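**Student:**
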Amino acid sequence: MAGVAVTTTINGDAIEYLCQPDETLLDVLRDRLGLTGAKEGCGTGDCGACSIILDDRLVCSCLVLGAEAEGRRVETIEGMAQGDTLHPLQQKFLEHAALQCGICTPGFLVAAKDLLAKNPDPTEEEIRFGLAGNLCRCTGYDKIVRAVQDAASVMKGA
Amino acid sequence: MRYIRPLSIEDAVGQLAGSAGTAAILAGGSDLLVRMKGGFVEPDLIVDIKAIDGLSEIRETAEGFSIGAAVPCAVLGENVALKKAWPGVVEAAKLIGSKQVQGRCTITGNLCNASPAADSVPALVAAGARASVVGPAGRRTIPVQSVPTAPGKTSLAKGEIIEAILLDKRAPRSGDAYLRFIPRTEMDIAVVSAGVNLTLDEHGVVKSARVALGAVAATVLLVEEAAEVLIGSKLDEATLERLAKVCSGACRPIDDKRGTIEFRRKVAGVLAKRAATTAYARAGGK
Numbered sequence: 001m002a003g004v005a006v007t008t009t010i011n012g013d014a015i016e017y018l019c020q021p022d023e024t025l026l027d028v029l030r031d032r033l034g035l036t037g038a039k040e041g042c043g044t045g046d047c048g049a050c051s052i053i054l055d056d057r058l059v060c061s062c063l064v065l066g067a068e069a070e071g072r073r074v075e076t077i078e079g080m081a082q083g084d085t086l087h088p089l090q091q092k093f094l095e096h097a098a099l100q101c102g103i104c105t106p107g108f109l110v111a112a113k114d115l116l117a118k119n120p121d122p123t124e125e126e127i128r129f130g131l132a133g134n135l136c137r138c139t140g141y142d143k144i145v146r147a148v149q150d151a152a153s154v155m156k157g158a
Numbered sequence: 159m160r161y162i163r164p165l166s167i168e169d170a171v172g173q174l175a176g177s178a179g180t181a182a183i184l185a186g187g188s189d190l191l192v193r194m195k196g197g198f199v200e201p202d203l204i205v206d207i208k209a210i211d212g213l214s215e216i217r218e219t220a221e222g223f224s225i226g227a228a229v230p231c232a233v234l235g236e237n238v239a240l241k242k243a244w245p246g247v248v249e250a251a252k253l254i255g256s257k258q259v260q261g262r263c264t265i266t267g268n269l270c271n272a273s274p275a276a277d278s279v280p281a282l283v284a285a286g287a288r289a290s291v292v293g294p295a296g297r298r299t300i301p302v303q304s305v306p307t308a309p310g311k312t313s314l315a316k317g318e319i320i321e322a323i324l325l326d327k328r329a330p331r332s333g334d335a336y337l338r339f340i341p342r343t344e345m346d347i348a349v350v351s352a353g354v355n356l357t358l359d360e361h362g363v364v365k366s367a368r369v370a371l372g373a374v375a376a377t378v379l380l381v382e383e384a385a386e387v388l389i390g391s392k393l394d395e396a397t398l399e400r401l402a403k404v405c406s407g408a409c410r411p412i413d414d415k416r417g418t419i420e421f422r423r424k425v426a427g428v429l430a431k432r433a434a435t436t437a438y439a440r441a442g443g444k
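Next up, the structure:
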């Protein structure tokens, strides 16, 4: 199979890579670019652990081909903190202990960031529906929901 | 395997028609990539249609709406005019998958995946939607219900691409609705579903109706007898009971782990009644 040459933007940086035509963007991020924050849970778009933002849309990177990123804007969990300063969502996930094993956490954070960008003041129900594409087998979700609510109020005040 | 991203529909059609092996069209990829991952399909050629001019747009024309084949379902939900004119179609499209899947999946893909349980298809059939098909022989417009022919199979010929789904301009006093039954609260595959589309006269009497059922046969069912029950009525209790009976009778479901034949028949009637009641209210009926 001939490789596909891709020029794209990841977390604000211009990036070039070569990938196979059937290679997912998740595999490109993890195995070629060393961005291992996005996780592979199911690989079929059910669990949300590989969530990224592609041109302002929340998507599962396991359901995007690496070749499709050409000319587009990719945001991953690695772009969320500003240097050593955590994003309010990251800070609140820590404070509320909204994670245990941590595998689902990058996906939840990216999905929650997208949710708050589109709806800065969500109800609990909107948070639960908005994050329904992210599965967590440890927390039972309550702490995650509370962390997102808390982060939303901090971000509104900022 | 080759991946290409043509800029024109003619080029895409030419590449598909001229391909020697298995070719796949890629829009949102939420079905295709899962099938590739599972080893169910190994295309020799992937034609990404998202760079084709106009395919990522919803256009409002004098005739109605044209929804490009590469428009993600999330965008349907953000289109105020479309939501106002065809709330049932939009609510069906918005039921597919999660937020993440919504950002990618398309109603054209949902149609061409040809699952009997596809959420947007009964709503589109009830709406009388048409598909604009481009192929080596030119353009043709066909009713959406003639696209899926069996689970996983479509009537499209080699080289043909659906470029857009077309919805008519709304007549006054019209409304549509879509409902599905799933055992969870979200992110599941329909066990039974129903789409209803109505237009009323000045007195609130149903003038025209279309009723479609999903997941109760090999393809979506357009139940003409159910529409006849509704026409001329104001959706009184007796009419709704007759509607439920006709819909239950029209089902040709299978027994599987998600639902029995008996359950599917009963629920099809219940959902048709409820969807008809919502469509009637949306059309301004009292």
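Chains as they are written, first to last, in the working numbering: chain A, 1 to 158; chain B, 159 to 444.
From the three backbone atoms N, C-alpha and C, an ideal C-beta is built for every residue, glycine too.
All of these numbers come straight from a predicted model, not from anything done at the bench.
Can you have a look at Gly43 of chain A and say buried or exposed, based on whether 16 or more other CB atoms are within 10 angstroms of its CB?
**Tutor:** With 16 or more other Cβ atoms within 10 Å, it is buried.
**Student:** Return the first residue and the last residue of the beta strand (DSSP E) that Lys392 of chain B is part of.
**Tutor:** Counting along the chain, Lys392 of chain B falls outside any beta strand (DSSP E), and DSSP gives it neither H nor E.
**Student:** To the nearest angstrom, how far is it from the Cα of Leu388 of chain B to the Cα of Thr357 of chain B?
**Tutor:** Rounded to the nearest angstrom, the two C-alpha atoms are 11 Å apart.
**Student:** For the structure I just gave you, are there three or more beta carbon pairs, one from the region 320–327 of chain B and one from the region 220–229 of chain B, closer than 8 Å?
**Tutor:** Contact holds: three or more Cβ-Cβ distances are below 8 Å.
**Student:** From this set, A:Cys136, A:Thr8, A:Leu26, which residue's C-alpha is nearest Thr109 of chain A's C-alpha?
**Tutor:** Before going on, a small fix: residue 109 of chain A reads as Leu here, not Thr. Of the candidates A:Cys136, A:Thr8, A:Leu26, the one whose C-alpha sits nearest the C-alpha of Leu109 of chain A is A:Cys136.
**Student:** Per DSSP, which residues does Leu312 of chain B bridge with? Please list them.
**Tutor:** Note on identity: in this sequence residue 312 of chain B is Thr, with Leu being the wrong assignment. Thr312 of chain B is bridged to B:Pro306.
**Student:** How long is the line joining the alpha carbons of Pro330 of chain B and Ile204 of chain B, rounded to whole angstroms?
**Tutor:** For Pro330 of chain B and Ile204 of chain B, the distance between alpha carbons rounds to 43 Å.
**Student:** For Ala170 of chain B, which residues in the same chain have their Cβ closer than 7 Å to its Cβ, ignoring the five residues on either side in sequence?
**Tutor:** Once the five neighbours on either side are set aside, the close Cβ partners of Ala170 of chain B are Pro164, Val205, Ile207, Ile210, Ile319.
**Student:** Under 8 Å, Cβ to Cβ, is there at least one residue of chain B near Thr44 of chain A?
**Tutor:** By this cut-off, Thr44 of chain A is an interface position.
**Student:** In the DSSP assignment, what residue or residues form a beta bridge with Val291 of chain B?
**Tutor:** DSSP lists B:Arg298, B:Ile320 as partners of Val291 of chain B.
**Student:** Would you grab the beta carbon distance between Tyr161 of chain B and Pro21 of chain A for me? Rounded to a whole angstrom, and I think it's under 8 Å.
**Tutor:** Indeed they touch by this definition, with Cβ atoms about 4 Å apart.
**Student:** Evaluate contact between the region 253–260 of chain B and the region 285–295 of chain B, counting only Cβ atoms and requiring at least three cross-stretch pairs below 8 Å.
**Tutor:** No, because fewer than three Cβ pairs between the region 253–260 of chain B and the region 285–295 of chain B fall closer than 8 Å, the two stretches do not touch.
**Student:** Would you call Thr264 of chain B buried or exposed, if buried means 16 or more other Cβ atoms sit within 10 Å of its Cβ?
**Tutor:** Buried, by the Cβ-count rule.
**Student:** According to DSSP, is Thr7 of chain A helix, strand or coil?
**Tutor:** The answer is strand: DSSP assigns Thr7 of chain A an E or B state.
**Student:** Please tell me whether Glu23 of chain A and Ile52 of chain A are closer than 8 Å, where the distance is taken between their beta carbons.
**Tutor:** Not in contact: Glu23 of chain A and Ile52 of chain A (Cβ atoms no closer than 8 Å).
**Student:** On the criterion of 16 or more Cβ atoms from any shown chain inside 10 Å, does Arg342 of chain B qualify as buried, or is it exposed?
**Tutor:** It counts as exposed.
**Student:** Applying the criterion that 16 or more other CB atoms from any shown protein chain within 10 Å of the CB defines a buried residue, is Ser61 of chain A buried or exposed?
**Tutor:** Counting Cβ neighbours within 10 Å, Ser61 of chain A comes out buried, since at least 16 surround it.
**Student:** Determine whether the beta carbon atoms of Val199 of chain B and Thr180 of chain B lie at a separation below 8 Å.
**Tutor:** Yes, these two residues count as a Cβ contact at 8 Å.
**Student:** Is the shortest distance between the beta-carbon of Cys138 of chain A and the beta-carbons of chain B less than 8 Å?
**Tutor:** Not closer than 8 Å to any Cβ of chain B, the Cβ of Cys138 of chain A fails to qualify, so no.
**Student:** Could you tell me how far apart the beta carbons of Thr377 of chain B and Ala284 of chain B are, in whole angstroms, since I believe they sit closer than 8 Å?
**Tutor:** With 8 Å as the limit, Thr377 of chain B and Ala284 of chain B do not qualify as a contact, their Cβ atoms being about 14 Å apart.
**Student:** Per DSSP, Tyr161 of chain B is paired with what?
**Tutor:** DSSP output for Tyr161 of chain B lists B:Ile204 as bridge partner(s).
**Student:** Going along the region 11–24 of chain A in order, which residues come within less than 9 Å of chain B, judged by CB to CB distance?
**Tutor:** Those would be Gln20, Pro21, Asp22, Thr24, in chain order.
**Student:** Based on DSSP bridge pairs, tell me the residues matched to Thr397 of chain B.
**Tutor:** Answer by DSSP bridge pairing: none, since Thr397 of chain B is not bridged.
**Student:** From what residue to what residue does the beta strand (DSSP E) around Asp13 of chain A run?
**Tutor:** 13–19 is the extent of the beta strand (DSSP E) around Asp13 of chain A.
**Student:** Look at the Cβ atom of Ala408 of chain B, then the Cβ atom of Leu371 of chain B, and state whether they are nearer than 8 Å.
**Tutor:** Yes.
**Student:** Regarding Glu395 of chain B and the ligand ZN, is the C-beta to nearest heavy atom distance less than 7 Å?
**Tutor:** The model on display carries no ligand, and the ligand ZN is accordingly not part of it.
**Student:** Between the region 3–12 of chain A and the region 67–74 of chain A, do at least 3 Cβ pairs fall closer than 8 Å?
**Tutor:** Enough Cβ pairs lie closer than 8 Å, so yes.
**Student:** For Leu18 of chain A, count the other beta carbons within 10 Å of its own beta carbon; 16 or more makes it buried, fewer makes it exposed. Which is it?
**Tutor:** Flag for Leu18 of chain A reads exposed.
**Student:** So with CB distances below 7 Å, who are the chain D contacts of Ala67 of chain A?
**Tutor:** No chain D is part of this structure, whose protein chains are labelled A and B.
**Student:** Cβ of Val248 of chain B within 8 Å of Cβ of Lys241 of chain B?
**Tutor:** Cβ atoms of Val248 of chain B and Lys241 of chain B: closer than 8 Å.
**Student:** I need the straight-line Cα distance from Leu398 of chain B to Gly333 of chain B, nearest angstrom please.
**Tutor:** When rounded, the distance between both Cα atoms is 17 Å.
**Student:** Who are Tyr438 of chain B's beta bridge partners in DSSP?
**Tutor:** The partner list for Tyr438 of chain B (beta bridge, DSSP) is empty, contrary to what the question assumes.
**Student:** I'd like to know whether the C-beta of Asp277 of chain B is nearer than 8 Å to at least one C-beta of chain A.
**Tutor:** No - not a single Cβ of chain A is within 8 Å of the one on Asp277 of chain B.
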